[in-house]
Amino acid sequence: MQNLDRLDQAKLAKSFTVMAQTGRIFNQERFRKLGGRTGRIFEFKVHPKVRVLCFQQGKTWFLTHGYDKETGNTPPKEIDRAEDIMQEHLSTGR
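Count along the sequence shown starting at 1, add 666, and that's the number in our numbering.
Rendered as structure tokens:
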């Protein structure tokens, strides 16, 4: 998140505030489920070319990583990376 400019940081923070207050984000253009191997990976659209992937454990959401989107669809390697980070978190409890 530190690599985002201030405006994009504010957009992401606002999305997380909405998520914390309501438990969900209703705007599917800004937040959507990607699925992946486990079906647990979600994507925040911060900017037309910037995405942040995340997953939920219980009531807590965890950011895995962000990337600059260059193609029409989310690259499978980004979903795989998010799932690898999630699995590492779940196996170590960190």
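Glycine is no exception: its CB is placed at the ideal position from the N, C-alpha and C atoms.
>> Please classify alanine 676 as buried or exposed, where buried requires at least 16 other C-beta atoms within 10 Å of its C-beta.
In response: Flag for alanine 676 reads exposed.
> Would you call leucine 673 buried or exposed, if buried means 16 or more other Cβ atoms sit within 10 Å of its Cβ?
Replying inline: Here leucine 673 is exposed: its Cβ has fewer than 16 other Cβ atoms, across all protein chains shown, within 10 Å.
> Per DSSP, what kind of secondary structure is arginine 717 in: helix, strand or coil?
Replying inline: Arginine 717 falls in the strand class under three-state DSSP.
> Taking the DSSP output, what are the residues bridged to glycine 759?
Replying inline: Under DSSP, glycine 759 takes part in no beta bridge, so it has no partner.
> Nearest to histidine 755 by CA position, among Thr726, Lys735, Leu670 and Tyr733, is which residue?
Replying inline: The option with the nearest alpha carbon to histidine 755 is Thr726.
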